[in-house]
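Enquirer:
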Amino acid sequence: MSRKKAKKLIIKTKLEIIPTTPFHFDSTIYKPGHFSTTDTEWIAGKRWQTTLWQEETLGLLFEDKGTLMKPKINLYVFSERKLTKDFLRSVRNEMVYRFNLDLDLKEFIDSFKHDLVLRACLKKLKGMRPMTHGSLYDYLVIAIVLQNAPVRRSVSMMQSLFENYGVLLRYDRKELYCMWKPEVMANVPEEELRKLKIGYRAKSLIRVSKPFARGEINEMELRKKSPEEQKKILLGLYGIGPQSVGYIMGDIFHHWDFLEHISPWEGKILSKIIFGTKIDRPVSEKKLLEFFEKYEKYKALAANYIWEDIFWKRKTQKIDWLEKEIRL
DNA sequence: CATCAGGGCCCTG
DNA sequence: CAGGGCCCTGAT
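Convert by adding 17 to the 1-based position in the first sequence; the result is the number in our numbering.
(1) Which runs of the beta strand (DSSP E) fall wholly inside the region 31 to 114 and span at least 3 residues, in chain order?
(2) Gly293 to Lys303, Cα distance in whole Å?
(3) Can you give me the start and stop residues for the beta strand (DSSP E) that Tyr217 sits inside?
(4) Between Leu100 and Leu77, how many whole angstroms is the CB-CB distance? I'm expecting something under 8 Å.
(5) My output table needs one value for Tyr154: the three-state DSSP class, helix, strand or coil.
(6) So for Leu368, helix, strand or coil by DSSP?
(7) Between the C-alpha atoms of Met174 and Ile159, what's the straight-line distance to the nearest angstrom?
(8) Closest to Arg64 by C-alpha separation, out of Trp70, Glu73, Glu72 and Thr54, would be which residue?
(9) Take Phe42 and list the residues in its own chain whose beta-carbon comes closer than 6 Å to its own, dropping the five residues that flank it on each side.
(10) To which residues of the same chain is Gln334 closer than 8 Å at the C-beta, ignoring the five residues directly before and after it?
(11) Take Ile28 and list the residues in its own chain whose beta-carbon comes closer than 6 Å to its own, dropping the five residues that flank it on each side.
(12) Just the C-alpha distance for Pro199 and Pro244, rounded to the nearest angstrom, thanks.
(13) Looking only at its chain, what residues have a beta carbon closer than 6 Å to the beta carbon of Ile257, apart from the 5 residues adjacent to it on each side?
(14) In whole angstroms, give me the CA-to-CA distance for Val113 and Phe79.
(15) Considering only residues of the same chain and omitting the five flanking positions on each side of Leu26, which have a CB-CB separation below 8 Å?
(16) Using 10 angstroms around the beta-carbon of Arg106, count the other beta-carbons present and answer buried if the total reaches 16, otherwise exposed.
(17) With C-beta atoms as the reference, is Pro147 less than 7 Å away from Phe328?
(18) Could you give the first and the last residue of the continuous beta strand (DSSP E) run that contains Tyr252?
(19) Using the Cα positions of Leu254 and His271, report the straight-line distance between them to the nearest angstrom.
(20) Tell me where the beta strand (DSSP E) around Glu233 begins and ends.
(21) Counting along the chain, where does the beta strand (DSSP E) carrying Glu192 start and finish?
(22) Starting from the Cα of Tyr156, find the closest Cα among Trp338, Arg115, Glu209 and Asp127 and give me that residue.
(23) Under the rule that 16 or more other beta-carbon atoms within 10 Å means buried, what is Glu340, buried or exposed?
(24) In terms of residues, what are the limits of the beta strand (DSSP E) holding Leu185?
(25) Glu72 to Lys227, Cα distance in whole Å?
(26) Expressed to the nearest angstrom, what Euclidean distance is found between the alpha-carbon atoms of Met18 and His51?
(27) Between the alpha carbons of Ala317 and Asp326, how many angstroms are there, rounded?
(28) Out of Tyr154, Ser261, Met86 and Arg170, point me to the one whose CA is closest to Met202's CA.
Next up, the structure:
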């Protein structure tokens, strides 16, 4: 696949964000458990991330300029043309939402800082927020390429989708792909996608893109609806089932208590960490869900802290049993 | 070489 | 509500 010519984003604007405290920059801004894609790059203290926001292809750079208790982020917005104040404000607000920079963690931390399981996680990751860098549509695309595939294959599917339908951006001496507009994907013939080795997911990708292309799903409106309504609408999308919805309810809609389902591969890992079971002898899903009951309205947030903790650990030390489970 | 499961979901009976 | 089939890939 030949590389596209990159679109240059020559206008650079600096915005400032003061997150709520405590704020842990790196564990919020970067998730080692997520598979890596070419729309983003991370080094300690910095994350580059492209985004399609209100039809505008943007390059973002988040820079850590603060501390745990005195946090500050410089958010640089790179664009092709000059942006209005209102537009920039909307970008800022959206990033505060997506990265949960206004989340109040105090109650959660106070309630569980002595919890046997969470104690260690909080010690290291206190101030971390769950985060998803992109829109609901971005997330649905990722959810679809994840399905029934080893991580490695998901990565290559995502890459060929970017190469064929994404927009290559050049900013801050980086070249990164940006998400395509839903209307692009909505009109791709299924055969064309299948040639990219997307497999049967091609149908889901196209069908999920259509209501977004037609403006029938408005993410901002959806955020205001009840969890029940959100769930119903998501499950109505072809190719989106309970597992994907479980992720979306937390990551996109910020329901920290939504934990209805733990998939087998996740169950194996959590069971080992929480109950010390052998990796191939996990406790039942039911027992895991019962365990998380004690975290009440923070069930999903607690699971997220445990999850991120193990993947951060994996970055610095080798965890043999985990390597086998992830199967890169 | 064949077989199989993998970070699910849809459809059928 | 259980179970087969689905694209493709790399592991066995």
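Every residue, glycine too, gets a C-beta built ideally from N, C-alpha and C. Quick caveat: nothing in here was measured; it's all calculated off a predicted structure.
Expert: On the basis of the data shown:
(1) 57 to 60, 63 to 70, 73 to 81 and 90 to 96
(2) 17 Å
(3) For Tyr217, there is no enclosing beta strand (DSSP E), since its DSSP letter is neither H nor E.
(4) Not a contact, Cβ separation roughly 12 Å.
(5) helix
(6) What the structure shows of the chain is the stretch from 18 to 345, and residue 368 is not part of that stretch, so it cannot be assessed.
(7) Cα to Cα, the separation comes out at about 10 Å.
(8) Thr54
(9) Spatial neighbours of Phe42 in its own chain (CB-CB distance under 6 Å, excluding positions within 5 residues in sequence) are listed in chain order as Asp81.
(10) none
(11) Correct list, in chain order: Ser96 and Lys99.
(12) Note on geometry: alpha-carbon atoms of Pro199 and Pro244 lie some 24 Å from one another.
(13) In its chain, beyond the 5 residues on either side, Leu251 have a beta carbon closer than 6 Å to the beta carbon of Ile257.
(14) 11 Å
(15) So the list reads Thr74, Leu75, Gly76, Phe95, Ser96, Glu97, Leu186, Arg187 and Tyr188, once near-sequence residues are dropped.
(16) exposed
(17) no
(18) What sits at residue 252 in the sequence shown is Leu, not Tyr. Taken as a continuous stretch (DSSP letters only), Leu252 belongs to no beta strand (DSSP E), being part of the alpha helix (DSSP H) at Pro244 to Leu252.
(19) Taking the straight line joining both Cα atoms gives about 20 Å.
(20) Counting along the chain, Glu233 falls outside any beta strand (DSSP E), and DSSP gives it neither H nor E.
(21) Lys191 to Cys195
(22) Arg115
(23) exposed
(24) Unbroken beta strand (DSSP E) run through Leu185: Val184 to Tyr188.
(25) 16 Å
(26) Reliability of the predicted coordinates at Met18 is poor, the pLDDT of 49 falling under 50, and the value obtained from them is presented with this limitation in mind. Going from the Cα of Met18 to the Cα of His51 covers about 25 Å.
(27) 14 Å
(28) Tyr154
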